[in-house]
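Some notes on the structure that comes next.
Numbering (my numbering), first residue to last: 592 to 663.
In structure tokens form, the structure reads like this:
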């Protein structure tokens, strides 16, 4: 879970730092679902979904469920 949250946070920071964003555009990032770190098998992510800690967004992407959207 810790590895997933770290990857999500880094992906969001990378997205926010793009040069193509407008100077007045602020607010939450547009990244909500990511492909989980590959150093863990798929079964780990499926079990976290079963426990309700992650949500499968389809196409190999996972996201934090509603109410758990804190990246800290």
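Cβ atoms here follow ideal geometry from the backbone N, Cα and C, with glycine treated the same way.
In the DSSP assignment, find the alpha helix (DSSP H) that holds residue 655 and state where it starts and stops. No alpha helix (DSSP H) holds residue 655; DSSP gives it neither H nor E.
At a Cβ threshold of 9 angstroms, is residue 632 touching chain D? Looking for chain D here will not work: only one protein chain is present.
Strand pairing of residue 649, partner residues [DSSP]: 652
Could you check whether residue 652 and residue 625 sit closer than 9 angstroms to each other, using their CB atoms as the reference points? yes
Extent of the continuous alpha helix (DSSP H) to which residue 595 belongs: 593-607
What is the residue span of the alpha helix (DSSP H) that residue 635 lies within? 633-641
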